[in-house]
Structures are given as structure tokens and as C-alpha cells.
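One structure is given below, encoded as C-alpha cells.
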Amino acid sequence: MNFSTWPAPLFVVDVEGNGATPPDLVEVALIPVTGGRPEPEAARSWLIRPPVAIPHLITRIHGITNAMVADAPVWADVAAEVAGLLDGAWIAAHSASVEYNVLSRHLPDWKPAGVIDTLRLAKATFPGHKGFGLDALINHTGISLDGVAGTRHRAGYDAHATALLLHHLASHYDSWDAMAAKAVPPGMPGLPELDPQPEEQTLW
102 MNFSTWPAPL FVVDVEGNGA TPPDLVEVAL IPVTGGRPEP EAARSWLIRP
152 PVAIPHLITR IHGITNAMVA DAPVWADVAA EVAGLLDGAW IAAHSASVEY
202 NVLSRHLPDW KPAGVIDTLR LAKATFPGHK GFGLDALINH TGISLDGVAG
252 TRHRAGYDAH ATALLLHHLA SHYDSWDAMA AKAVPPGMPG LPELDPQPEE
302 QTLW
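This note's numbering applies: residue 102 is where the sequence shown begins, and numbers increase by one.
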């Protein structure tokens, strides 16, 4: 893989919600990826006060309490900043339809350049492997998370772990386009253009 050919900007994204249907955002994290490598020192994250309280059951998953977001901005206060970073950028996420759908609903004018799903990519890279959750794949690949700040199921931690997984999976492919062909979910932006087929010769 020639990592210098990767598009920029590219962010690995993770979101956490309040369990509502559809979910309201309570945390968003973006990890920039340059030349295939995550840049956690340039990561951005936001705690967000949702319009509906976070149920205890959901707090038990990601650890974000209502007290933690009581003084956090509401989405309208941070939407422009998030949109400014993500508009026209590639995003990557594990089970990316979640991030893509939630962000598309919260940013109705958002148009990403493309979407990479590390879950879809892992299934193409490790056919027959059992277990494609983020934890199972980190264990399978032997990726070290020793330098990852935070805790599992918080947006910043999960985004950083996903960025490391993306870099590992990419090493199995010769080019960005070859990887994207396996990693972009159907119906989402970013699939490489196919070479046009020669027109059929017609006798007149």
C-alpha cells in the first residue's frame, strides 16, 4: 500500500448517543489520518447535551452520564464546527452506517467525499474469521492499544482504535482504490470509478 496516495482530509469518526430512536448525539470524536497514520494529537471531540436524557442503561455502555453533559453545548452550538471539518472529507468508522446516518441526520447539508467501513473491510480481508467486532479484530490483529487515551466505548478511544485497525487492514491492499472497492458500503459515496467499457461496434 502506498499510503502517500490516500485522500485528505480523512477522519476516523466515532459517535455516542443517548439511546433515543432516532439517537441524539452525546459525543463525537474525529481522528485525522494522514498518510495512513492516525494523528491523535490533532483529534477533536465534543460532549453534547442531548434534548432527551441519557438512560442509565445507555450510560452503562459508554460511561457518559447526564451530569457529564449538563453543562455541555447543545448540538446547534457545535454543528457548524463539526461540519467545517467534515464537509468534503473522507470518513472512516467501524460499522460506518451508524456514523454516516447519524451525522447525515444532524448535518443535512453534509456531503462527504467517501465513507470507509472498517467492519466491511475486515470481512473482506479476513474471510471465514469469526468475530468482527472492534475488540475481536484488535485481538486478532495483535494491535496494541497501550498508547490510546481514554476508555473503551468513549468516542475518542474507539476512533483511535479504529484508525489503528484501518492502517493494519490497509496493508493487505495494493492501493487506496483496491481497498475502497472493498470498504465503501453500497449506496454511500466514495466507490472508485470503474474503467469505462469500450463501446460495442455497430454495423450500419
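Note that CB positions come from ideal geometry on N, CA and C, so glycine has one too.
N-terminal and C-terminal residue of the beta strand (DSSP E) that residue i is part of
| i | result |
| --- | --- |
| Gly215 | 215-218 |
| Gly118 | 111-118 |
| Ala194 | 191-194 |
DSSP three-state assignment for residue i, whether helix, strand or coil
| i | result |
| --- | --- |
| Ala144 | coil |
| Glu128 | strand |
| Arg138 | strand |
Environment of residue i [buried if 16+ CB atoms lie within 10 Å]
| i | result |
| --- | --- |
| His157 | exposed |
| Ala262 | buried |
| His207 | buried |
| Pro124 | buried |
| His163 | buried |
| His195 | buried |
| Gly136 | exposed |
| Ala197 | buried |
| Asn103 | exposed |
| Pro213 | buried |
| Asn240 | exposed |
| Pro52 | Nothing can be reported for residue 52: it is not among the residues displayed for the chain, which extend from 102 to 305. |
Limits of the unbroken alpha helix (DSSP H) element including residue i
| i | result |
| --- | --- |
| Ile162 | 157-163 |
| Ala279 | 277-284 |
| Gly239 | The residue you asked about is not Gly; residue 239 is Ile in the sequence shown. Ile239 -> alpha helix (DSSP H) spans 235-242. |
| His268 | 256-271 |
| Gly185 | 176-187 |
| Arg206 | 197-207 |
| Asn167 | 167-170 |
Identity of the residue in the options nearest residue i by Cα
| i | options | result |
| --- | --- | --- |
| Ala121 | Val114, Thr160, Leu131, Val113 | Thr160 |
| Ile217 | Pro174, Val199, Ile165, Leu126 | Val199 |
| Ala225 | Leu270, Ala256, Ile244 | Leu270 |
| Leu220 | Trp211, Pro209, Ala237, Ser205 | Ala237 |
| Asp115 | Arg138, Val129, Leu187, Gly251 | Val129 |
| Glu117 | Phe104, His254, Phe227, Val285 | His254 |
| Met280 | Ala173, Pro287, Ala168, Leu267 | Leu267 |
| Ala180 | Ile192, Thr166, Leu204 | Leu204 |
| Ala193 | Gly288, Ala260, Leu292, His273 | Ala260 |
| Trp107 | Val285, Pro293, Ser276 | Ser276 |
8 Å contact criterion, which residue i and residue j should meet: CB distance rounded
| i | j | result |
| --- | --- | --- |
| Asp188 | Trp211 | 6 Å |
| Val127 | Leu148 | 7 Å |
| Ala144 | Ile132 | 5 Å |
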